[in-house]
Amino acid sequence: MFFRLLSPSALLITGTQIVVQHSSRIFSRSFTTIMAEGDDNKWKEAKTIYEFNALDIDGNDVSLEKYRGKVCIIVNVACKCGFTNKNYTQLQDFYTKYADKGLAILAFPSNQFAGQEPGSNEEIKKFVNDTFGAKFDLFSKIEVNGKNAHPLFKFLKKEQKGTFGDFIKWNFTKFLINREGKPVSRYSPSTDPYVSYVLLLLG
């Protein structure tokens, strides 16, 4: 299907790709990524995290279907927070010990809390790898609150509300996902990932 716009642009939808051509520039993104980032109804109707896509720290489109059958911790992170050293160290230690038992950690940088994640994706990746040797999955920077929040986090907040509302209060809020892809618990930034419920799910 091909559309001609009033401006010197063209929109082409082919299979799973959407291509926008404007003058001599061409922009191409996967249809699934656009759905994951822009469909307001998707997160409202979703039952599991497997229905979402996100961009990893290198800009690759990732279907969360890849985590099917794993126990997941999904966490919003920042490099310049007072919780940074403790949380990254604990998360990496936890991942090292339990990855072979089916633990996955999905870290999403966000700059929404006091501007404590100001760097580019490349800078964030370098800092996390060089400082903590993180081996778990790091994703591209997103918003976790407000109308522009990533649909995954809209879904997580709907399923597991906080003490004083569903919004994320600060960096390093953690959501626990069971092996069926359902959010089952939510933890504050000060909560150690070595909580008994996580260990119980891991068996």
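The opening position of the sequence shown corresponds to residue 1256 in our numbering, with each subsequent residue numbered one higher. Quick reminder that beta carbons are idealized off the backbone N, C-alpha and C, glycines included. Note that the coordinates shown come from a computational prediction; the quantities given were computed from them, not determined experimentally.
Extent of the continuous beta strand (DSSP E) to which residue i belongs
i: D1316; result: D1316 to S1318
i: N1308; result: N1308 to L1310
Check: residue i C-beta below 8 Å from any heavy atom of the ligand ADP
i: E1320; result: With respect to the ligand ADP, the structure shown offers nothing to examine, as it has no ligands at all.
9 Å Cβ cutoff met for residue i and residue j
i: Y1449; j: Q1345; result: yes
i: V1461; j: N1426; result: Because the chain spans 1256 through 1458 in this model, residue 1461 falls outside it and cannot be assessed.
i: I1329; j: L1455; result: no
i: S1365; j: I1312; result: no
i: G1357; j: L1457; result: yes
i: I1423; j: V1399; result: yes
i: G1436; j: N1376; result: no
i: K1390; j: T1351; result: yes
i: P1406; j: K1297; result: yes
i: F1363; j: I1397; result: yes
i: L1361; j: D1392; result: yes
i: E1486; j: C1334; result: Only positions 1256 to 1458 of the chain appear in this structure, which leaves residue 1486 out of reach.
i: F1382; j: G1374; result: yes
i: A1359; j: Y1322; result: yes
Host alpha helix (DSSP H) of residue i (start-end)
i: I1379; result: N1376 to F1387
i: N1340; result: T1339 to Y1353
i: F1410; result: P1406 to E1414
i: V1453; result: S1451 to L1457
Beta bridge counterpart(s) of residue i as assigned by DSSP
i: P1438; result: I1432
i: A1362; result: V1330 and L1393
i: G1420; result: G1417
Chain C contact for residue i (CB, 9 Å cutoff)
i: I1304; result: Considering every chain present, this structure includes no chain C. It has just one protein chain.
**Request:** Please confirm if the segment 1408 to 1420 is in contact with the segment 1436 to 1446, defined as three or more CB-CB distances below 8 Å between the two stretches.
**Result:** Yes, since at least three Cβ pairs between the segment 1408 to 1420 and the segment 1436 to 1446 fall closer than 8 Å, the two stretches touch.
**Prompt:** Counting pairs of Cβ atoms below 8 Å between the segment 1380 to 1399 and the segment 1295 to 1306, do you hit three or more?
**Reply:** Three or more Cβ pairs closer than 8 Å define a contact, and the segment 1380 to 1399 falls short of that threshold against the segment 1295 to 1306.
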